[in-house]
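Reading through the structure tokens given below for one structure.
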Ligand SMILES: Nc1nc2c(ncn2[C@@H]2O[C@H](COP(=O)(O)OP(=O)(O)OP(=O)(O)O)[C@@H](O)[C@H]2O)c(=O)[nH]1
Ligand SMILES: Nc1nc2c(ncn2[C@@H]2O[C@H](COP(=O)(O)OP(=O)(O)OP(=O)(O)O)[C@@H](O)[C@H]2O)c(=O)[nH]1
Ligand SMILES: [Mg+2]
Ligand SMILES: [Mg+2]
């Protein structure tokens, strides 16, 4: 964007394209360009006149949209803290759990995993391998057994062993599958009944390459298990994850963690400033 | 829905001819619908140009509401762009026929390998599944369990790399009269040079007759970037779109077809292997994308 060149229609068109390509979606793009607090209005008011001002104006607007009181993970007043992990198929739940456990271990916590995906082929084996690499315990159940019972066993063992944090893995499920969403809701209820205040976090794992369907996912999962935060995965690819703005605005769900690879260290806290800057790189 | 919106706009028009002026407003509506459906922006632009040319070139048929006719034109153009479909996997002589599955992480490759094997078993073939993903924890277990579920043998070998695993598997298939050979590979980023080099080496040594790009139907604008890169690095022969049992509009279908020119052959429509794979239907997909 030309530093001293005057802002023009072409600049707005180029910004619009960039926002689309970043998965902002037509409604959000419309709002950001043509809305009351949008670029065109600011241009008309004389708030922005040069091309280099446009990007700065937009970035500060976007950063403000992502400002949230608390991006940290909630802790229980006394152990165990319980995290429930859910999301659509293949988004990166199991791998994110391993990475999250790794972070918590580095912070000096005793961590336990519950392999409550009792359905998918080798789901338990997959999480078990991670638990072995991490040197931590894992609670499992019979194949096709009730996932809520595995979550339940997880809590019992967490209490017995003085565990600081229990992380519950669940099977991938489409938000459109009523039975599976009911099953997930039941897992959460079992945790809540067993431990008042649990789960301290119900984290929705969203695939960073998803388009507008991520908004539907967030909506339904929020309704069923009151999602408290999002883990946005696969941002080490070329997708930008622009859908989080609509999710943040409409559903007020903050992104708390970002997946940037397939290994244990590849999970970082969400940084709105960095995230917005990366959108335009 | 788009159809109702079109009828409203066109209901107000009295002209017999679809003109450049009255087409513009409708094109804007189509643009929004396609972007909402996750069709990639450059693909949307190309599509609108095509549709505008088609619409302007048509004479409104007597007795037909011009809005309805325009909608028909749009659906037809969309369906035609995503077709035709030929999902046959012919038995190559001398065999075995070799199929390679590739794609981004979590797109559904491993499950799709088993689904395809089951489909082919039902057609009287004797497929061999090959566990060539040696990095994802329990990937080999996953394919073995799925193979056991459908009664298809699974080849795996320790201590060697994916290209060699595939070579040995093909030799095993030849010796045991198994056909086709379905190679499951690790999910990988199209921008990961080392991993793209690995899958190219697999393709170079295995010489597949079919190379499928497995794409998650929920993928957004990024579909064009990853599909283009995979297509440049591998000689894709087809695409399989998965998780169509969800409510993603699936604009990636048009994006991937447009950018690669490669046919979408199958649709993943469920988590279960049984009944989880169908032949891709462009008309159904066109309706879904336009909402
Ligand atoms: N590049 C990259 N790959 C990731 C990331 N997170 C997960 N993956 C990969 O995505 C694939 C799916 O990850 P899983 O952890 O099995 O996903 P899941 O949500 O548990 O899948 P289901 O349980 O089958 O629904 C694996 O190949 C992971 O290595 C990430 O941040 N970046
Ligand atoms: N609902 C639904 N789920 C599917 C479909 N295809 C695959 N899945 C699920 O998607 C998740 C990922 O599938 P995988 O087969 O492990 O994906 P993958 O591409 O092999 O993953 P990586 O090897 O880690 O890259 C699993 O939970 C599958 O059950 C489909 O068509 N519909
Ligand atoms: Mg999992
Ligand atoms: Mg796999």
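Protein chains in written order, with our numbering: chain A, 65 to 345; chain B, 3 to 293. Every residue, glycine too, gets a C-beta built ideally from N, C-alpha and C.
Does ligand 1 have even one heavy atom less than 6 angstroms from the beta-carbon of residue i?
i	result
residue 272(B)	no
residue 227(B)	no
residue 277(A)	no
residue 138(B)	yes
residue 281(A)	no
residue 297(A)	yes
residue 184(A)	yes
residue 326(A)	yes
Indicate, with yes or no, if ligand 3 has a heavy atom lying under 6 angstroms from the CB of residue i.
i	result
residue 157(A)	yes
DSSP three-state label for residue i, please.
i	result
residue 218(A)	helix
residue 209(B)	coil
residue 266(A)	strand
residue 305(B)	An answer regarding residue 305(B) cannot be provided, because it is not within the stretch 3 to 293 covered by chain B.
residue 16(B)	Unreliable placement is indicated for residue 16(B), whose pLDDT of 47 sits below 50; no coordinate value is reported for it.
residue 245(A)	helix
residue 204(A)	coil
residue 272(A)	coil
residue 149(A)	strand
residue 286(B)	helix
residue 48(B)	helix
residue 23(B)	helix
residue 128(A)	helix
residue 89(A)	coil
residue 234(A)	strand
Is residue i close to chain B, meaning its C-beta is less than 7 angstroms from at least one C-beta of that chain?
i	result
residue 303(A)	yes
residue 273(A)	yes
residue 240(A)	yes
residue 340(A)	no
For a contact meaning CB atoms closer than 7 angstroms, what does residue i contact in chain A?
i	result
residue 227(B)	302
residue 273(B)	153
residue 317(B)	With chain B covering 3 to 293 only, the question about residue 317(B) has no answer from this structure.
residue 161(B)	The premise fails here: residue 161(B) is roughly 18 angstroms from chain A at the closest Cβ pair, so nothing lies under 7 angstroms.
residue 31(B)	Going along chain A, no residue has its Cβ under 7 angstroms from residue 31(B), so there is no contact; the nearest lies around 11 angstroms.
Comparing the C-beta of residue i with each C-beta of chain A, is any distance below 7 angstroms?
i	result
residue 1(B)	Any property of residue 1(B) remains undetermined from this structure, which presents chain B solely from 3 to 293.
residue 143(B)	yes
residue 280(B)	no
residue 222(B)	yes
residue 310(B)	Chain B is shown only over 3 to 293; residue 310(B) falls outside these bounds and no answer can be derived.
residue 128(B)	no
Evaluate residue i with the Cβ neighbour count: other Cβ atoms within 10 Å of its Cβ, from every protein chain shown; 16 or more gives buried, anything less gives exposed.
i	result
residue 263(A)	buried
residue 178(A)	buried
residue 252(A)	buried
residue 312(A)	buried
residue 94(B)	exposed
residue 179(B)	exposed
residue 303(A)	buried
residue 206(B)	exposed
List, in order along the chain, the chain B residues whose C-beta lies closer than 9 angstroms to that of residue i?
i	result
residue 298(A)	106, 107, 108, 191
Can you name the residues of chain A whose CB is closer than 9 angstroms to the CB of residue i?
i	result
residue 37(B)	84, 89, 90, 93, 276
residue 245(B)	152, 153, 154, 238
residue 40(B)	87, 89, 274, 275, 276, 277
residue 179(B)	Within chain A, no residue comes near residue 179(B); the closest Cβ sits about 27 angstroms away, beyond 9 angstroms.
Please confirm whether any heavy atom of ligand 4 lies closer than 6 angstroms to the CB of residue i.
i	result
residue 111(B)	yes
residue 135(B)	yes
residue 141(B)	yes
Give me the chain B residues within the contact set of residue i, using Cβ-Cβ distance strictly less than 8 angstroms, ordered along the chain.
i	result
residue 81(A)	43
Closer than 7 angstroms by beta-carbon distance: list the chain B residues that pair up with residue i, in chain order.
i	result
residue 193(A)	139, 140
residue 186(A)	140, 143, 144, 147
residue 280(A)	249
residue 156(A)	108
residue 189(A)	140, 143
Mind pulling the chain C residues with CB within less than 7 angstroms of residue i?
i	result
residue 264(A)	Of the chains in the structure shown, none is chain C; the protein chains are A and B.
Does the distance between the C-beta of residue i and the nearest non-hydrogen atom of ligand 5 fall short of 6 angstroms?
i	result
residue 160(B)	In the structure on display, ligand 5 does not appear, and the ligands it does have are ligand 1, ligand 2, ligand 3 and ligand 4.
Any chance the CB of residue i is under 6 angstroms from a heavy atom of ligand 2?
i	result
residue 244(B)	yes
residue 107(B)	yes
residue 261(A)	no
residue 222(B)	no
residue 277(B)	no
Kindly list, in the order they appear in chain A, the residues whose Cβ is closer than 8 angstroms to that of residue i.
i	result
residue 135(B)	Per Cβ cutoff of 8 angstroms: no residues; residue 135(B) is ~12 angstroms from chain A at best.
residue 48(B)	Per Cβ cutoff of 8 angstroms: no residues; residue 48(B) is ~14 angstroms from chain A at best.
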